[in-house]
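**Q** For the sequence shown, this note's numbering begins at 62 and goes up steadily by one. Backbone N, C-alpha and C define an ideal beta-carbon position, used for all residues, glycine too.
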Amino acid sequence: MTTDSTARIRTDIAHNARVWNYWLGGKDNYQVDRAVGDQVTAMFPGIGEVARADRAFLGRAVSHLVGDAGVRQLLDIGTGLPTGENTHEVAQRHAPDARIVYVDNDPIVLAHAHALLTSSPGGVTTYIDQDARNAREILDAAAETLDLTRPVAVMLLGILNFIPDTDETHRIVRTLMDGVPSGSYLVLTHPTLDADVGGAGNQAAMDFWNANATPPITGRSRAEFLSYFDGLELLDPGVESCSRWRCPEEAPVPQFGAVGRKP
Ligand SMILES: C[S@@+](CC[C@H](N)C(=O)[O-])C[C@H]1O[C@@H](n2cnc3c(N)ncnc32)[C@H](O)[C@@H]1O
62 MTTDSTARIR
72 TDIAHNARVW
82 NYWLGGKDNY
92 QVDRAVGDQV
102 TAMFPGIGEV
112 ARADRAFLGR
122 AVSHLVGDAG
132 VRQLLDIGTG
142 LPTGENTHEV
152 AQRHAPDARI
162 VYVDNDPIVL
172 AHAHALLTSS
182 PGGVTTYIDQ
192 DARNAREILD
202 AAAETLDLTR
212 PVAVMLLGIL
222 NFIPDTDETH
232 RIVRTLMDGV
242 PSGSYLVLTH
252 PTLDADVGGA
262 GNQAAMDFWN
272 ANATPPITGR
282 SRAEFLSYFD
292 GLELLDPGVE
302 SCSRWRCPEE
312 APVPQFGAVG
322 RKP
């Protein structure tokens, strides 16, 4: 942990990466995170299930892309704190030579990044301390590890919801996908208020979050979520609740998931 990253860690306000870690059963969180996490759970009891479903989606999507589709390079933006089945662990189980670049802007994720950097001998994992809004800089730094003339899986799981300006989120996705070649993939999850997947319960919890924690969160509709895939070919089954993506027997959670291929 660098002095600089330690100085950036705030323990007086709940922070998303740490509350998410708490909901996933992790230990890398403070009292303030647990208090807000418990309050949100009281308002929206399904939130722990959303976090677990999101991680399970990550496992299925990465397994498919690396195990079946032959992807060997992954750019995972909004990595979160290390937990079970991190992207490099899933990817390198299928392909030990897989190369993974993690990106997050949270100093506590930076402080724990060493746990993410345990690559298999034939592969590589690296970490970039950067804000997703700086997509061009992310691509430039990722190019030191990834060959951007070859396909890359660009992963943005549970992160665009922390960027309130929808135009800005589109600019980020477009810059990233313009920077990778044909045959690359976009992997997204995003929370929603849409009632058909149980989103109605999210509103009070999100309002509470925005009054008490950081960064502020925004839900987006199915149509808004789908629009991130403009110009891409959606893999089956298209946009789904992330719990049900290639797992149709599961109950839905109010978090969409989808994978698109750049033609
Ligand atoms: C809900 S967690 C999701 C973690 C992981 N992707 C997953 O799906 O389990 C969101 C992560 O995005 C990070 N994040 C939020 N806003 C960000 C931004 N503007 N730039 C980079 N990372 C950001 C947070 O620090 C946190 O680690």
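Is the Cβ-Cβ distance between A265 and M104 less than 7 Å?
**A** For A265 and M104, yes; Cβs fall inside 7 Å.
**Q** Thinking C-alpha only, which one of P157, H175, D129 is nearest P182?
**A** Ranking P157, H175, D129 by Cα distance to P182 puts P157 first.
**Q** For Q316, which option in N195, V93, D192, L221 has the closest C-alpha, if you only look at C-alpha atoms?
**A** It is L221.
**Q** Based on Cα-Cα distance, which residue from P168, P225, Y163 lies nearest to I199?
**A** Considering only alpha carbons, the answer is Y163.
**Q** Would you report the Cα separation of F290 and D89, rounded to the nearest angstrom?
**A** Straight-line Cα distance between these residues: approximately 33 Å.
**Q** In the structure shown, what three-state DSSP assignment does V320 receive?
**A** Strand, per DSSP.
**Q** Should the segment 161-179 be called in touch with the segment 104-115, which here means at least 3 C-beta pairs below 8 Å?
**A** Flag = no, the segment 161-179 and the segment 104-115 do not touch.
**Q** What does a CB cutoff of less than 8 Å around S180 pick up in its chain, not counting 5 residues either side in sequence?
**A** If we look at S180 and ignore the five residues flanking it on each side, its Cβ neighbours are H149, Q153, I161, T186.
**Q** With H, G and I counted as helix, E and B as strand and the rest as coil, what does DSSP make of A203?
**A** The answer is helix: DSSP assigns A203 an H, G or I state.
**Q** Pull up the distance between the alpha-carbon of G141 and that of F286, whole angstroms please.
**A** Spanning the two alpha carbons is a distance of roughly 21 Å.
**Q** Please go through the segment 117-183 and give each complete beta strand (DSSP E) segment of 3 or more residues, from N-terminal end onward.
**A** You should have 134-138, 160-165.
**Q** Determine the direct distance from the alpha carbon of P143 to that of N77, and round the result to whole angstroms.
**A** N77 and P143: Cα-Cα distance of roughly 14 Å.
**Q** Following a CB-centred definition, is L207 positioned closer than 6 Å to any heavy atom of ligand 1?
**A** No, since every heavy atom of ligand 1 falls outside the 6 Å radius drawn around the Cβ of L207.
**Q** Straight-line CA distance for T253 to S243?
**A** Straight-line Cα distance between these residues: approximately 29 Å.
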